[in-house]
Amino acid sequence: MTHDPAHSVSRDPHSSASRHPEDPAVNRPLLDRRGVLKAAVGSAGLMAFPGLVRAAETKAPPRRYCAFIKFVQQYSFDELSERIAAAGFDGVEATVRKEGYILPEEAPDRLPALVEALTKNGLELTVSTTDILRADQPHAEALLRTASQLGAPTYRLGFYRYDKHTDLRKQIANVNAAMVELAAMNHELGLNGVYQNHSGPDYVGAPVWDLPLILEGVSPREVGIAFDIRHATIEGGLAWPLHYRVAKPWLRVLYAKDFFWDGRKAEHAPMGQGLVDPKFYKQVAASGYDGAVSVHVEYLRKEGPEANMQALATDLKALKGLLEA
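According to UniProt numbering, the sequence shown holds residues 1 to 325 in order.
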């Protein structure tokens, strides 16, 4: 029997899944795997780009540096590809969610076009950032199957939130049940979901120590962790080395960004100019980690795509100085 985390854990408001506990959708099983596998995304989207079909057959090795493109989404696919390549990146972390670069319902048609544009400049779709928390929410199956066919196996999940009125242990158990079901689906589709630790009073994963509990019995090949050093430092301060050790067995993606305190508010900062300890990057380098590192520029939200693209290039250079010194 599966357990629906919606009964005791609220979903992130950006999720396309229902958030109301009385919605009949939350009473359905988290996943009917046979239904997922029987559901087929139309092949027309892929056949329009024959090079992608061949690329998916021989998956390229993972790239090291990718750019989170949330604040440069005004560019077309081709222009984005050209600019990201010129900035020195190996791939992109693209938003495929509500208000994202690609909307979930458009993924079967538009994801192939994006990957085709990236491939022209030797780039990959490193991470697809989604709102997915369960396989039966609208458009999830088609989105994930398309990503699998394109040879872009890594996607970021949405966020679960704790309900302050419900026992925490019960909520953790319910989220773990959801993760086990997602892991089974990912195994069958050849995908790897990642869950990000995000600071805040009600985010599942914010304290980091709860991540092994929600991922108990789950292989990192199916669901891993996108470790965010900024959010870990906000929540844990000097305890970030412990947080990194907790996350490391499931580590699949690193999120590189910085911050400073403005009174009681955490503000984004350029790479290496905030309170994230440079020792973190030395520790990562010494550990031999060779997976994806996603650069997030979120301190120029109102400055437009040109300024954000320049900042991505600058922060990438600073990050390489920290990781490769």
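We put the CB at the ideal spot given by N, CA and C, even for glycine.
Would you mind sorting residue i into buried or exposed? The rule is 16 or more other CB atoms within 10 Å of its CB.
{"i": "residue 43", "result": "Annotation note: pLDDT 44 at residue 43 (below 50); position unreliable, coordinate value reported separately. Per the 10 Å Cβ criterion, exposed."}
{"i": "residue 231", "result": "buried"}
{"i": "residue 265", "result": "exposed"}
{"i": "residue 304", "result": "exposed"}
{"i": "residue 286", "result": "exposed"}
{"i": "residue 114", "result": "buried"}
{"i": "residue 290", "result": "exposed"}
{"i": "residue 301", "result": "exposed"}
{"i": "residue 273", "result": "exposed"}
{"i": "residue 267", "result": "exposed"}
{"i": "residue 116", "result": "buried"}
{"i": "residue 238", "result": "exposed"}
{"i": "residue 236", "result": "buried"}
{"i": "residue 242", "result": "exposed"}
{"i": "residue 205", "result": "buried"}
{"i": "residue 122", "result": "exposed"}
{"i": "residue 288", "result": "exposed"}
Can you tell me whether DSSP reads residue i as helix, strand or coil?
{"i": "residue 75", "result": "coil"}
{"i": "residue 273", "result": "coil"}
{"i": "residue 64", "result": "coil"}
{"i": "residue 243", "result": "helix"}
{"i": "residue 109", "result": "helix"}
{"i": "residue 26", "result": "Because residue 26 carries a pLDDT of 32, less than 50, the predicted location of this residue cannot be relied on, and the following value inherits that uncertainty. Helix, per DSSP."}
{"i": "residue 159", "result": "coil"}
{"i": "residue 322", "result": "helix"}
{"i": "residue 209", "result": "coil"}
{"i": "residue 252", "result": "strand"}
{"i": "residue 224", "result": "strand"}
{"i": "residue 314", "result": "helix"}
{"i": "residue 188", "result": "helix"}
{"i": "residue 177", "result": "helix"}
{"i": "residue 199", "result": "coil"}
{"i": "residue 69", "result": "coil"}
{"i": "residue 140", "result": "helix"}
{"i": "residue 44", "result": "In this prediction, residue 44 scores a pLDDT of 46, lower than 50, which makes its location untrustworthy; no coordinate-derived value is stated."}
{"i": "residue 219", "result": "coil"}
{"i": "residue 268", "result": "strand"}
{"i": "residue 123", "result": "coil"}
{"i": "residue 132", "result": "coil"}
{"i": "residue 306", "result": "helix"}
{"i": "residue 280", "result": "helix"}
{"i": "residue 82", "result": "helix"}
Closest by CA to residue i, which one among the options?
{"i": "residue 188", "options": "205, 135 and 126", "result": "135"}
{"i": "residue 91", "options": "206, 137 and 127", "result": "127"}
{"i": "residue 229", "options": "69, 257, 149 and 292", "result": "257"}
{"i": "residue 119", "options": "96, 89, 319 and 300", "result": "89"}
{"i": "residue 65", "options": "273, 292, 251 and 193", "result": "292"}
{"i": "residue 324", "options": "294, 308 and 281", "result": "281"}
{"i": "residue 222", "options": "205, 248, 186 and 243", "result": "186"}
{"i": "residue 101", "options": "68, 133 and 121", "result": "68"}
{"i": "residue 98", "options": "130, 269, 226 and 318", "result": "130"}
{"i": "residue 233", "options": "306, 212 and 208", "result": "208"}
{"i": "residue 173", "options": "212, 112, 144 and 269", "result": "212"}
{"i": "residue 254", "options": "112, 145, 138 and 156", "result": "156"}
{"i": "residue 284", "options": "70, 184, 112 and 321", "result": "321"}
{"i": "residue 95", "options": "109, 87 and 72", "result": "72"}
{"i": "residue 112", "options": "137, 319 and 145", "result": "145"}
{"i": "residue 248", "options": "271, 269 and 220", "result": "220"}
{"i": "residue 319", "options": "192, 299, 158 and 271", "result": "271"}
At least one CB of chain B closer than 8 Å to the CB of residue i: is that the case?
{"i": "residue 286", "result": "This model lacks chain B altogether, as it is built from one protein chain only."}
Please look up how many angstroms separate the CB atoms of residue i and residue j, rounded, as I've assumed it's under 8 Å.
{"i": "residue 154", "j": "residue 252", "result": "7 Å"}
{"i": "residue 250", "j": "residue 224", "result": "5 Å"}
{"i": "residue 294", "j": "residue 93", "result": "5 Å"}
{"i": "residue 132", "j": "residue 142", "result": "So it is not a contact: roughly 11 Å between Cβ atoms."}
{"i": "residue 226", "j": "residue 175", "result": "Their Cβ separation, rounded to whole angstroms, is 16 Å, which puts residue 226 and residue 175 out of contact at 8 Å."}
Between the region 77-90 and the region 306-313, do three or more beta carbon pairs fall short of 8 Å? Contact holds between the region 77-90 and the region 306-313, because three or more Cβ pairs, one in each stretch, are under 8 Å apart.
Examine the Cβ distances between the region 265-283 and the region 69-81 and report whether three or more of them are shorter than 8 Å. no
Looking at C-beta atoms only, is the number of pairs between the region 212-223 and the region 171-188 that lie closer than 8 Å three or more? yes
Three CB pairs or more closer than 8 Å across the region 151-169 and the region 255-264: Taking a cut-off of 8 Å for Cβ pairs, the region 151-169 and the region 255-264 do not touch, as fewer than three such pairs fall below it.
Pair every Cβ in the region 104-112 with every Cβ in the region 167-174, then say whether three or more of these pairs are closer than 8 Å. Two segments are said to touch when three or more pairs of C-beta atoms, one from each, lie closer than 8 Å; by this definition the region 104-112 does not touch the region 167-174.
On the three-pair Cβ rule with 8 Å, is the region 196-210 touching the region 140-152? no
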